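**Q** Encoded as structure tokens, here's the structure I'll be asking about.
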Amino acid sequence: MLRLPRFELRQPTSLGEAVTLLREEGAGAMVMAGGTDLLPNMKHELFTPRVVVSLGRVPELRGITRDPDGTLVVGAMARIAEIASSESVRKQAPALAQAAGLVAGPQLRRAGTIGGNVLLDTRCQYYNQSYFWRSALGFCLKKDGVVCHVVAGGSRCVAAASADCAPALMTLGAVLEIVGANGHRTVAIDEFWLGDGIVNRRLAVGEILVAIRIPPTPPGHRGAYGKLRERGSIDFPLLGVACRLDVGDGDRVEHGDLVLTALAARPKRIPQAASRLVSTRLGTEEFRAAIDELGALAHRQCHTLANVPGDQEWRREMIPVYVRRTLQAAAAGNGPVHHV
Amino acid sequence: MASRDIHGIDAPWGAFRHVGRDLRKVDGLAKATGAAMYTDDIALPGMLHAKTLRSPHAHARIRSIDAADALRLAGVHAVITGEHLPVTYGILPWTQDETALAVGKVRFVGEPVAAVAAVDEDAANAALKLIRVEYEPLHAYLDPFESLARHDPPIHEGRKDGNVSKHVHLAFGDVDAALAEADVVIEDDYVFHGTTHAAIEPHCAVGHYGADGVLTVWSSTQITHYVHRALARVLDVPAHRIRVIQPCLGGAFGGKSDPFSLEFVVAKLAMTTGRPVKMLYTREEVFYTHRGRHPMHMRYRTGATREGRLVGVDATIVIDGGAYSSYGLVTTYYAGQLLTGPYAFATYRFDSTRAFTNKPPCGPKRGHGSVQPRFAFEVQLDELASTLEIDPIEIRRRNLLGEHTTTVNGQRITSNGFARCLDVVEHASNWKTRHGQLPFGRGMGVAGSMYISGTNYPIYPNPMPQAAVQLKIDRSGLVTVFTGANDIGQGSNSIAQYLVAEELGLALDQVRVVSADTDLCPVDLGAYSSRETFMVGNALIDACRKVRPLVVRAVADHWQVDPSRVRFVDGVVVELDDPPLQPAGVAVGGEARPGASPPDAAAGRRWMTAAEAFQLAEARFDTLGATGAYNTPTLGGDYRGGTIGAAPAYSFTAHVVEVSVDVETGRITCEKVWIAHDCGRALNPMLVAGQMEGSAYMGVAEALMEAHGVNRFGLHAGPSLLDYRIPTTVDTPELAALIVESLDPEGPYGAKEAGEGPLHPAIPAISNAVFDAVGIRLKHLPFTPGKVLAALRARKDAAAGTPAPALAGGAR
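Quick mapping for you: the protein sequence lines, in order, are chains B and D. Our numbering numbers the first residue of the first sequence as 1 and each following residue consecutively. Our numbering numbers the first residue of the second sequence as 341 and each following residue consecutively.
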């Protein structure tokens, strides 16, 4: 078995204590939520924190509640399995519930948290490997090295955003609540990402993601998530597609959104989705034409790279198929789109 | 009684009491509750932990190794390199080309170079980083065709034939003439990509060097005996001072049937440090250790008459062997020798070449050497059927080899239930009303196969028995079985218990099995070639039939009856046939064991417990025990290599697979597999069905998901169970195990193998089902969605009259 590097484990029992600890320890500390991403990465010596601050005993980070204005407040330490099975989430944010239900496998969904999934480290076949393997390769841009093995001569890391929940949250207009030594701040999840595979999120050293706020969705809200992967469980996405359709009178689309992931460092929105979908009527030729067109658009705008394992060409070919199927699933009020 | 005796297929006491029942495995509960002791569960006083430094280069000369800093690290007890273990070894006596740690050069990324023993794994890992190795990189051969085209620098120095590991060319009859006269000839290329075993338990070994000069090695091996021999050779310790023990084992599938670096390393480090030493491989190291299924590039030409009778088969096979020989010599033969059933070939020729490459060494995986050619041939046979417009099951029937016959390459066939296997899958799957008639996107395919049930090739040529057992008959009523057989989860210890209980008329809990300990157990060659049930089973019957007459005679004389009137049933001895009426236990107080009701006791017949019978026999004949042995008859064709692939019996399998194909995503879903397997007699139908299901599961996985290879840098493409994708429960099709019992004249009660044969047809049957579903022929494994889409496009283009581009899917 691979060994975990040595570290000091701290287990604060309040948010304040956690923030203080992180301020004191600075860059030598890392936050652990469920540990399902951090610990394997530590075994691969991708991270070697001196101190690991576990949030497992911080009560403020748990639970799924609703604000008076209808905003769903999901604690960052809510388990992914809880999100997937929560009635409120399924009703108000079906795309998120579906995405959560397809994260990894059952055991990992019970251990892993929504916060941890949003903050999931980007992934690459040349990065998510043991120290020995990476040393034999000569390391890479993202860790310990200076070259990219995905894009020859590339100077920017293209490790892939691989969190299933992130694109779903983007279609829902989620807002992230963050605390740090300098206090409390909120940021729209759209504004949270960076296009850099080395670190793809704007989270300062010492900051903790506290909660995810999901604004109320209208009664006609529909959403779906499509996940491409080889196996029916465990695997990270080879492609993730989240979509939103807010449907009004006469089955007419009033708002639409489409976000793809597992392509490059950040999830990618198809900006024309809203305008192309709005005012089409579900079940009509017009709607079908719109989703076909969006599939073709997404295919043009999105490129697959050899960053995640698997057949790069096939992943690209699947973009229009999964865009179309996911939008169809949302329109029909079902989903997720998954092969098993 | 002797090792070549034939014991017959009948129950020893009239009717079977244990055989044929769905009995628990002897170690089932211990495994399920976590109580079972695996090698890694061993912890000895003062034990050190060892780790391996591995090569980062695919091919390089080692200029120097400096371990001074590592040796100075606190907690480090020893560092060894190739110079400490320079003696070569290899599973086959003709190809001893491995060393425990690299000597002079490295030949694949991940090859062991040095090893450290330290107080714990962390200290050992820290020390590895302090060892400085200077390498001179050499050209790395990642493609077998390149290896065959050039060999400067060679992968192995001093060989006459460059990078050729083994070449075999055999011809039976005039293939060229037969193909020239055939009404139809199909010719094509097929590619098997390479897969590995992915047993859940990683390799582990513990070495102990005692004050008495005895070296003990516990290892997760499936070949205790060969490890014993190899340790003696490499460590230069006499074999009688070495003891090898295989604890409970968590899966092997052929991946633990070579002697491996860690076994020599823990032994050497234990001798060097005077402390016990353990080494447990990481999952990544298991992938480098490999010995999985060889990638093969196969060209087949098959000719038939208009009626579908096979007139000739011609194969040319290039095998990617990886860096070392392992079982490669046998693989190269098996690739051709094992194809000559279940269909009769009028003429046959094969030419197979195994090339060395700078990759983890390939070896035997479940269905060694024959899964790849079987895939190619069964797909080609299906194409022949569709070309001739003959039903795919019908064309297989028209070419049945039959029973008690000889194959074109001289292999003796005894029992053969293949025709019934075809009938069974045809009926169970409703083939006649569904094949060719399902909607586009859904289809059914069939394939058949034959596999060895043991081999008469004992790896190192010797005239001694291949399997041997010893029985200790205790006055407590317990019989202890000592067998060198390796229970790797297939249930060989359980089979030993059932058979001895059956032969001696005992209850199951009166038989305990001690196995795979070279100090205690007579030699058995190990768990490979599907030999344990067949050979050890026969040895057990041989032993029981030596000792049973003594016990029966002691009881018969005591009762003063003819021995034919003494019968053992579930641990109780009863007198048969109209006995004089008298109170039970007059002579030898018949205290029945709690819960055991002596049969016919109510009728007043005389009876006693088995323990009492053993005591009578012990008093009369002294300490009771027996040995038993099995050896194969003289088998095989009369030509060089003719004994390779010769088995005392062959198993037969037919699969029907139903698939659905998503033509938009290219994804194949295997919906159901009907598996009919002729295992001779099912000694435990539940275990047979488990082997059939597990085999089919593994075959489906190799067809659709699993791929073992290196990337363009020569590094393993993904040495983890995240990236090497074995199917989860949700990826597993419905599996229907349909047992066919042909009762082999030489198997124990007629039993043959069930652990490897049932894998073969799954892969071609999927390809054939995809053809039925969407009209494309998949000839290059694995059947990825991308290949399916490419083949579908090519088919569409061909239908539209535009020339199809050359593509991987190879649709015609």
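Note that CB positions come from ideal geometry on N, CA and C, so glycine has one too. Remember, predicted model here, so these are calculated numbers, not experimental data.
Could you pull out every residue in the same chain whose Cβ sits closer than 8 Å to the Cβ of Arg394/D, ignoring the five residues on either side in sequence?
**A** Residue numbering aside, residue 394/D sits at position 54 when the second sequence is read from its first letter. Val449, Gly450, Glu451, Pro452, Val453, Glu625, Tyr628.
**Q** Under 9 Å between beta-carbons, which chain D residues line up against Gln125/B? List them in chain order, please.
**A** As a first step, residue 125/B is located in the first sequence; it is residue number 125 there, counting from the start. Per Cβ cutoff of 9 Å: Asn1051, Ala1057, Gly1058, Asp1063.
**Q** Establish whether the CB of Glu1081/D and some CB of chain B are separated by less than 7 Å.
**A** By one-based count along the second sequence, residue 1081/D stands at place 741. Judged by the 7 Å Cβ criterion, Glu1081/D is not in contact with chain B.
**Q** Using only alpha-carbon positions, find the residue among Ser601/D, Leu388/D, His543/D that is nearest to Leu571/D.
**A** As a first step, residue 571/D must be located in the second sequence, where it is residue number 231. When each option's Cα is compared against that of Leu571/D, the closest is Ser601/D.
**Q** Rounded to whole angstroms, what's the CA-CA distance from His44/B to Tyr131/B? Just pull it up for me.
**A** The sequence position of residue 44/B within the first sequence is 44, counting from 1. The sequence position of residue 131/B within the first sequence is 131, counting from 1. One C-alpha to the other measures close to 6 Å.
**Q** Please classify Leu848/D as buried or exposed, where buried requires at least 16 neighbouring CB atoms within 10 angstroms.
**A** Taking the first residue of the second sequence as 1, we reach residue 848/D at position 508. The residue in question, Leu848/D, is buried, as its Cβ has 16 or more Cβ neighbours within 10 Å.
**Q** Tell me the rounded alpha-carbon separation between Ile198/B and Leu21/B.
**A** Here residue 198/B is taken as the residue at index 198 of the first sequence, counted from 1. Here residue 21/B is taken as the residue at index 21 of the first sequence, counted from 1. Each residue's Cα considered, the two are about 25 Å apart.
**Q** According to DSSP, is Ala1098/D part of a helix, a strand, or is it coil?
**A** One-based indexing of the second sequence puts residue 1098/D at position 758. Per the sequence presented here, residue 1098/D reads as Pro, with Ala not at that position. It is helical.
**Q** Among Thr535/D, Gly360/D, Val531/D, whose alpha-carbon lies nearest the alpha-carbon of Met1045/D?
**A** Translated into the one-based positions of the second sequence, residue 1045/D becomes position 705. The shortest Cα separation from Met1045/D among Thr535/D, Gly360/D, Val531/D belongs to Thr535/D.
**Q** Going by C-alpha distance, which of Thr858/D, Met948/D, Val854/D, His479/D is nearest His898/D?
**A** Taking the first residue of the second sequence as position 1, residue 898/D is located at position 558. Taking only the C-alpha atoms, the option nearest His898/D is Met948/D.
**Q** Who are the near neighbours of Ala349/B in its chain, counting only those whose CB is closer than 7 Å to its CB and skipping five residues on each side?
**A** There is simply no residue 349/B to check, as chain B begins at 1 and stops at 340 in what is shown.
**Q** Identify, in the order they occur along the chain, each residue of the same chain with its Cβ nearer than 8 Å to the Cβ of Ile753/D, setting aside the five sequence neighbours on each side.
**A** The sequence position of residue 753/D within the second sequence is 413, counting from 1. Contacts found: Gly681, Leu741, Gly742, Glu743, His744, Thr745, Thr746, Thr747, Tyr990.
**Q** Roughly how many angstroms lie between the CA atoms of Arg646/D and Arg714/D, to the nearest whole one?
**A** Within the second sequence, residue 646/D is the residue found at index 306, counting from 1. Within the second sequence, residue 714/D is the residue found at index 374, counting from 1. When rounded, the distance between both Cα atoms is 23 Å.
**Q** Would you mind stating whether Ala265/B and Ala161/B have Cβ atoms separated by less than 7 Å?
**A** Working through the first sequence from its first residue, we reach residue 265/B at position 265. Working through the first sequence from its first residue, we reach residue 161/B at position 161. Cβ distance < 7 Å, so Ala265/B and Ala161/B count as in contact.
**Q** May I ask you to report which of helix, strand or coil DSSP gives Glu931/D?
**A** By 1-based counting over the second sequence, the position of residue 931/D is 591. Residue confidence is low: Glu931/D scores 41 on pLDDT, short of 50, so the model does not pin down where it sits. Its coordinate-derived value is still stated next. Three-state result, Glu931/D: coil.
**Q** Do Val557/D and Gly547/D come within 7 Å of each other at the CB atom, strictly closer than that value?
**A** For this step, residue 547/D is matched to residue 207 along the second sequence. For this step, residue 557/D is matched to residue 217 along the second sequence. Closer than 7 Å, so yes.
**Q** Quick one: residues in its chain with C-beta nearer than 6 Å to the C-beta of Ile585/D, no 5 flanking neighbours on either side, listed in chain order?
**A** Numbered from 1 along the second sequence, position 245 holds the residue referred to as residue 585/D. The answer, listed in chain order, is Trp558, Asp857.
**Q** In three-state DSSP terms, what is Gly348/D?
**A** Here residue 348/D corresponds to residue number 8 of the second sequence, with the count starting at 1. DSSP places Gly348/D in coil when its eight states are reduced to three.
**Q** Should Thr967/D be counted as a contact of the ligand NAD given a C-beta to heavy atom distance under 6 Å?
**A** This structure lacks the ligand NAD; in fact it carries no ligand of any kind.
**Q** If you scan the region 486-513 of chain D from start to end, which runs of the beta strand (DSSP E) of 3 or more residues do you find wholly inside it?
**A** Runs found: 504-512.
**Q** Please list the residues of the region 221-246 of chain B that have a C-beta atom closer than 9 Å to any C-beta atom in chain D, keeping them in chain order.
**A** Listed by position, the residues of the region 221-246 of chain B near chain D (Cβ gap below 9 Å) are Leu228, Glu230, Arg231, Gly232, Ser233, Ile234, Asp235, Phe236.
**Q** State the DSSP-derived secondary structure class of Thr564/D, mapped to helix, strand or coil.
**A** Residue mapping note: residue 564/D aligns to position 224 of the second sequence, counting from 1. Thr564/D falls in the helix class under three-state DSSP.
**Q** Who are the Cβ neighbours of Asp978/D in its own chain at under 8 Å, not counting the five residues just before and after it?
**A** The residue given as residue 978/D occupies position 638 in the second sequence. So the qualifying residues of the chain are Gly750.
**Q** Could you spell out the range, first to last residue, of the alpha helix (DSSP H) harbouring Gln677/D?
**A** Against the second sequence, residue 677/D aligns to sequence position 337. It spans 668-677 - the alpha helix (DSSP H) in which Gln677/D sits, taken as one unbroken run.
**Q** Taking C-beta pairs closer than 8 Å, name the residues in chain B that Glu624/D reaches, listed in chain order.
**A** The sequence position of residue 624/D within the second sequence is 284, counting from 1. Leu2, Ser130, Phe132, Trp133, listed in chain order.
**Q** Using a Cβ-Cβ distance under 7 Å, would Ala1148/D count as near chain B?
**A** Walking along the second sequence from the start, residue 1148/D turns up at place 808. Unreliable placement is indicated for Ala1148/D, whose pLDDT of 40 sits below 50; the coordinate value is still reported in the next sentence. Ala1148/D does not count as touching chain B.
**Q** Are three or more beta carbon pairs between the region 1097-1104 of chain D and the region 1031-1049 of chain D nearer than 8 Å?
**A** Verdict: yes, contact present.
**Q** Do you know how far the Cα of Met42/B is from the Cα of Ala76/B?
**A** Taking the first sequence and counting its residues from 1, the one referred to as residue 76/B is at position 76. Taking the first sequence and counting its residues from 1, the one referred to as residue 42/B is at position 42. If I take the Cα positions, the gap works out to 21 Å.
**Q** On the DSSP bridge assignment, give the partners of Asp654/D in chain order.
**A** Here residue 654/D is taken as the residue at index 314 of the second sequence, counted from 1. DSSP, once it has assigned bridges, lists Arg641/D, Arg689/D as partnering Asp654/D.
**Q** Which of helix, strand or coil does DSSP assign to Glu872/D?
**A** Against the second sequence, residue 872/D aligns to sequence position 532. Correct three-state label for Glu872/D: helix.
**Q** Using a Cβ-Cβ cut-off of 8 Å (strictly less than) and excluding sequence neighbours within five positions of Gly1058/D, which residues of its own chain qualify?
**A** Here residue 1058/D refers to the residue found at position 718 when the second sequence is read from its first residue. Answer for Gly1058/D: Tyr1064, listed in chain order.
**Q** Spell out the partners DSSP gives Trp193/B in its beta bridges.
**A** Reading the first sequence from its first residue, position 193 is the one you call residue 193/B. Arg201/B, per the DSSP bridge assignment.
**Q** Between Val821/D, Phe1111/D, Gly817/D, which has its C-alpha nearest Leu860/D's C-alpha?
**A** Residue mapping note: residue 860/D aligns to position 520 of the second sequence, counting from 1. Ranking the options by Cα distance to Leu860/D, first place goes to Val821/D.
**Q** Spell out whether any CB of chain B is found under 7 Å from the CB atom of Glu1004/D.
**A** Locating residue 1004/D in the second sequence gives position 664, counting from the first residue. Closer than 7 Å: yes.
**Q** Please list the partners that Asn1232/D has in chain B, where partner means a Cβ-to-Cβ separation under 7 Å.
**A** In the structure as shown, chain D begins at 341 and stops at 1152. Residue 1232/D is therefore absent and cannot be evaluated.
**Q** Name, in chain order, the residues that DSSP records as bridge partners for Val584/D.
**A** For the purposes of this step, residue 584/D is taken as residue 244 along the second sequence, with counting starting at 1. Note: Val584/D sits in a beta bridge opposite Val557/D.
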